[in-house]
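*Asks:* Right, I'll just put the structure down here and ask away after.
Residue numbers (our numbering), protein chains in the order written: chain A, 5 to 324; chain B, 5 to 324.
Written as structure tokens, this is what we have:
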């Protein structure tokens, strides 16, 4: 049965790449990394009830399992190439696996990612994905390059996914159906900013993807770069759906601490800010200036009078 | 808390490699594969109650999680290099993580494997590991190279791990304590045959590691190579502990279908059999001739009169 499940997935993820010498079906895949490049490798797991609500459509789970990993490659400025998938399932459920593989392969095909290995086993529902991408040597975006005086930007809008999660329980009871659908879609089908990451490689001094919440994630940039970051709460970009569904106080929490956005937050020297916005606009990706890099440490979220806004929690921590 | 757990693991697995440009702590690791080599990549998950008994010492779980993955690299003839670890835990248990990391890092250090990425999250206990190794281009051991007339060998001995599992329940009640300890040790602390895999690269026509059971695993070699395989049940190598603990009928089942052995089963042209045994002996690894490659398909297990021996099941299938 284990092998049948892998066959179901493989049949859906059959994508040829010249750098895959030997794909699924042996003890290991054999891969040929391109000369002159570094390999960017990341792994992220999704557990039912922790990373996605029970009842999430299998197709969306498949999409999201790959999306959160491609988002990590995007944050490094890497071009995605190969993925491995571990699927832990309570029982051999061919319908689940088929739908899961459809969502997974839809996103894989969009980024020309080959599935080169996998493991399916019995157990409580969880998915692990490892992704590989390439970046020219010494060109990767890292967390440790922010410099005092740099500006802080974020792609797209923030808070929709966390708002979508609220829409699934009583806190979203008042949200209109069409708005709820938009927000839940952002929760279930995040878009990894792969092209934006490539465009940022030339410009950004540091970059991270927003998975745990903007303030928490930029906290990693601040720490690794030995700087402080000040954010202007009024500048945080919001989608029309978020503006329609939640008032300002609720919005700021969702945008600054909600997580699951998979946008890219990055720092850039002021003189390059224009180039960044131009290059991102070329690929249809908006970016908003939300703050600046300062002396000190940590991340402060400031209101219009420059006062600190306290967040209920500094991002999503799984064992909190 | 998530980050504390990773720090605990990282502190135990702090091993420097020049090809790790950027390790744990960014969105992805940055790695520099050696020119002229292929990258061998494999992933395997362990779920409590499926791949290891509840109550297994965390240190052994850490060892085994890496061992089963290194065994896959061994079966390709690859030199291990990097690992990523996903740890799904019911609660933030620093003692468990510390012990787990100790077992994991003990084996990692022995093979000079750097931990370059990880993810810890809340959920039912499960561990996923992805490993990377190098093999000179076109030199990897594969499953599809067996030729009619080749001899079939296996390293070490078979059946101890499955016997160890029996010793944990009523079926092993009669086994002496010292023998039981040896068998359970083989279940909990399998030895990946990394050096043997490297030695086999020059000689073997096909290779696989014995994880699901000898007959089931050689079935993959037979299928991928479009050949049949005949095994001599009397030739299957047994350890002194296995001989002491189980009678012949029980032994054959454990050896041929028990699984979890992590020995290497391989095929080799008859004229190279002497060289193989000499090279393996040099690294202290025994190998036993157990059969031959024939026309046809599938794997037959034969008794002294050439009659087929029926096995209760053709190896370990997780959803069986």
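Cβ atoms here follow ideal geometry from the backbone N, Cα and C, with glycine treated the same way.
What does residue 152 of chain A touch in chain B if you count any residue whose Cβ is under 8 angstroms from its own?
*Replies:* Taking the first chain and counting its residues from 1, the one referred to as residue 152 of chain A is at position 148. Neighbours of residue 152 of chain A on chain B: none; closest Cβ ~20 angstroms, over 8 angstroms.
*Asks:* Classify residue 32 of chain A as helix, strand or coil using the three-state DSSP reduction.
*Replies:* Your numbering for residue 32 of chain A matches position 28 in the first chain. Note: residue 32 of chain A maps to coil in three-state DSSP.
*Asks:* Excluding the five sequence neighbours on either side, which residues of its own chain have a C-beta within less than 6 angstroms of the C-beta of residue 63 of chain B, listed in chain order?
*Replies:* By 1-based counting over the second chain, the position of residue 63 of chain B is 59. Closer than 6 angstroms at the Cβ level, and outside the excluded window around residue 63 of chain B, lie 103, 106 and 107.
*Asks:* Under 9 angstroms between beta-carbons, which chain A residues line up against residue 122 of chain B? List them in chain order, please.
*Replies:* As a working note, residue 122 of chain B is residue 118 in the second chain. Per Cβ cutoff of 9 angstroms: 47.
*Asks:* Counting only beta-carbon atoms, is residue 54 of chain B nearer than 7 angstroms to chain A?
*Replies:* Taking the first residue of the second chain as 1, we reach residue 54 of chain B at position 50. Yes, because at least one Cβ of chain A sits closer than 7 angstroms to the Cβ of residue 54 of chain B.
*Asks:* With H, G and I counted as helix, E and B as strand and the rest as coil, what does DSSP make of residue 152 of chain B?
*Replies:* In the second chain, the residue the question calls residue 152 of chain B occupies position 148. Coil.
*Asks:* So, do the region 180 to 196 of chain B and the region 73 to 83 of chain B have three or more beta carbon pairs nearer to each other than 8 angstroms?
*Replies:* Segments in contact, yes.
*Asks:* For residue 40 of chain B, does the count of other Cβ atoms within 10 angstroms reach 16, so buried, or fall short, so exposed?
*Replies:* By 1-based counting over the second chain, the position of residue 40 of chain B is 36. Classification for residue 40 of chain B: exposed.
*Asks:* For the region 21 to 34 of chain A, list every residue whose C-beta sits within 9 angstroms of some C-beta in chain B, in sequence order.
*Replies:* Under the 9 angstroms Cβ criterion, the region 21 to 34 of chain A contributes 25, 26, 29, 30, 31, 32, 33 and 34.
*Asks:* Using the Cα positions of residue 109 of chain B and residue 177 of chain A, report the straight-line distance between them to the nearest angstrom.
*Replies:* On the second chain, position 105 is the one that residue 109 of chain B refers to. On the first chain, position 173 is the one that residue 177 of chain A refers to. Looking at the two C-alpha atoms, the distance is approximately 49 angstroms.
*Asks:* Output yes if chain B places a C-beta closer than 7 angstroms to the C-beta of residue 128 of chain A; else output no.
*Replies:* For the purposes of this step, residue 128 of chain A is identified with residue 124 of the first chain, where counting begins at 1. Yes, its Cβ sits closer than 7 angstroms to a Cβ of chain B.
*Asks:* For a contact meaning CB atoms closer than 7 angstroms, what does residue 37 of chain B contact in chain A?
*Replies:* Here residue 37 of chain B refers to the residue found at position 33 of the second chain. Here the neighbours are 37 and 43.
*Asks:* So who's on the other strand from residue 298 of chain B, going by DSSP bridges?
*Replies:* Taking the first residue of the second chain as 1, we reach residue 298 of chain B at position 294. Answer is B:232.
*Asks:* Is there contact between the region 262 to 282 of chain A and the region 116 to 136 of chain A, where contact requires at least three CB pairs shorter than 8 angstroms?
*Replies:* With the cut-off at 8 angstroms, the region 262 to 282 of chain A and the region 116 to 136 of chain A do not touch.
*Asks:* Scan the region 30 to 80 of chain A and note each continuous beta strand (DSSP E) run of 3 residues or more that stays entirely inside, going in chain order.
*Replies:* Those beta strand (DSSP E) runs which fall completely within the region 30 to 80 of chain A and span 3+ residues are 33 to 35 and 41 to 51.
*Asks:* Mind checking who residue 102 of chain B pairs with in its DSSP beta bridge?
*Replies:* Mapped onto the second chain, residue 102 of chain B falls at position 98. Looking at the DSSP assignment, residue 102 of chain B forms no beta bridge with any residue, so it has no partner.
*Asks:* Anyone know if the C-beta pair for residue 246 of chain A and residue 164 of chain A falls short of 7 angstroms?
*Replies:* Counting from 1 along the first chain, the entry for residue 246 of chain A is found at position 242. Counting from 1 along the first chain, the entry for residue 164 of chain A is found at position 160. In this structure, residue 164 of chain A lies closer than 7 angstroms to residue 246 of chain A by Cβ.
*Asks:* Short of 8 angstroms in beta carbon distance, which residues of its chain neighbour residue 192 of chain A, apart from the five on each side in sequence? Order them along the chain.
*Replies:* In the first chain, counting from the first residue as 1, residue 192 of chain A sits at position 188. Taken in chain order, the residues that qualify are 56, 60, 61, 64, 67, 68 and 168.
*Asks:* Is the region 85 to 92 of chain B touching the region 298 to 314 of chain A in the sense that three or more CB pairs, one from each, lie closer than 8 angstroms?
*Replies:* With a cut-off of 8 angstroms, the region 85 to 92 of chain B and the region 298 to 314 of chain A do not count as touching, because too few Cβ pairs lie within range.
*Asks:* Cβ of residue 148 of chain B within 7 angstroms of Cβ of residue 209 of chain B?
*Replies:* Position 144 of the second chain holds residue 148 of chain B. Position 205 of the second chain holds residue 209 of chain B. No, the Cβ-Cβ distance between residue 148 of chain B and residue 209 of chain B is not below 7 angstroms.
*Asks:* Between residue 294 of chain A and chain B, is there a C-beta pair that is closer than 7 angstroms?
*Replies:* In the first chain, residue 294 of chain A corresponds to position 290, counting from 1. So no, residue 294 of chain A is outside the interface.
*Asks:* Does the beta carbon of residue 161 of chain B sit closer than 7 angstroms to a beta carbon anywhere in chain A?
*Replies:* Here residue 161 of chain B is taken as the residue at index 157 of the second chain, counted from 1. It does not; no Cβ of chain A falls within 7 angstroms.
*Asks:* Would you report the Cα separation of residue 290 of chain A and residue 232 of chain A, rounded to the nearest angstrom?
*Replies:* Working through the first chain from its first residue, we reach residue 290 of chain A at position 286. Working through the first chain from its first residue, we reach residue 232 of chain A at position 228. For residue 290 of chain A and residue 232 of chain A, the distance between alpha carbons rounds to 25 angstroms.
*Asks:* Could you tell me which of A:53, A:311, A:212 and A:96 sits nearest to residue 157 of chain A, measuring between CA atoms?
*Replies:* The residue labelled residue 157 of chain A in the question sits at position 153 within the first chain. The shortest C-alpha separation from residue 157 of chain A is found at A:212.
*Asks:* Under DSSP, the alpha helix (DSSP H) around residue 140 of chain B begins and ends at which residues?
*Replies:* Position 136 of the second chain, counting from 1, holds the residue named residue 140 of chain B. Unbroken run through residue 140 of chain B is the beta strand (DSSP E), 130 to 140; no alpha helix (DSSP H).
*Asks:* Per DSSP, residue 213 of chain B forms a beta bridge with which residues?
*Replies:* Along the second chain, one-based indexing puts residue 213 of chain B at 209. Looking at the DSSP assignment, residue 213 of chain B forms a beta bridge with B:268.
*Asks:* With 9 angstroms as the C-beta to C-beta threshold (strictly closer), list the residues of the region 264 to 275 of chain A near chain B in chain order.
*Replies:* Cβ contacts with chain B: none found.
*Asks:* Across which residues does DSSP place residue 84 of chain A in a beta bridge pair?
*Replies:* Taking the first residue of the first chain as position 1, residue 84 of chain A is located at position 80. Paired residue(s): A:137.
*Asks:* Check the Cβ-Cβ distances between residue 302 of chain A and every residue of chain B, and say whether any is below 7 angstroms.
*Replies:* If you number the first chain from 1, residue 302 of chain A lands on position 298. So, not an interface residue.
*Asks:* Using the rule of at least 16 other Cβ atoms within 10 Å of the residue's Cβ for burial, across every protein chain shown, is residue 319 of chain A buried or exposed?
*Replies:* Counted from its first residue, the first chain places residue 319 of chain A at position 315. In this prediction, residue 319 of chain A has a pLDDT of 49, which is less than 50 and means its spatial position is unreliable; what the coordinates show is noted afterwards. When all chains shown are included, residue 319 of chain A counts as buried.
*Asks:* Please list, in chain order, the chain A residues whose beta carbon lies closer than 7 angstroms to that of residue 132 of chain B.
*Replies:* One-based indexing of the second chain puts residue 132 of chain B at position 128. Correct list: 49, 90 and 132.
*Asks:* Quick one, are the C-beta atoms of residue 265 of chain A and residue 145 of chain A less than 7 angstroms apart?
*Replies:* As a working mapping, residue 265 of chain A is identified with position 261 in the first chain. As a working mapping, residue 145 of chain A is identified with position 141 in the first chain. Contact flag unset, no.
*Asks:* So residue 315 of chain A and residue 219 of chain A are supposed to be a Cβ contact under 8 angstroms. How far apart are they, rounded?
*Replies:* Within the first chain, the letter at position 311 stands for residue 315 of chain A. Within the first chain, the letter at position 215 stands for residue 219 of chain A. 6 angstroms between Cβ atoms; contact.
*Asks:* Tell me residue 90 of chain B's beta-bridge partners as DSSP assigns them.
*Replies:* For the purposes of this step, residue 90 of chain B is identified with residue 86 of the second chain, where counting begins at 1. Answer is B:123 and B:132, bridged to residue 90 of chain B.
*Asks:* For residue 116 of chain A, count neighbouring C-beta atoms within 10 Å of its own C-beta (all shown protein chains included) and say buried if the count is 16 or more, exposed if not.
*Replies:* If you number the first chain from 1, residue 116 of chain A lands on position 112. With fewer than 16 Cβ atoms within 10 Å of its Cβ, residue 116 of chain A is classed as exposed.
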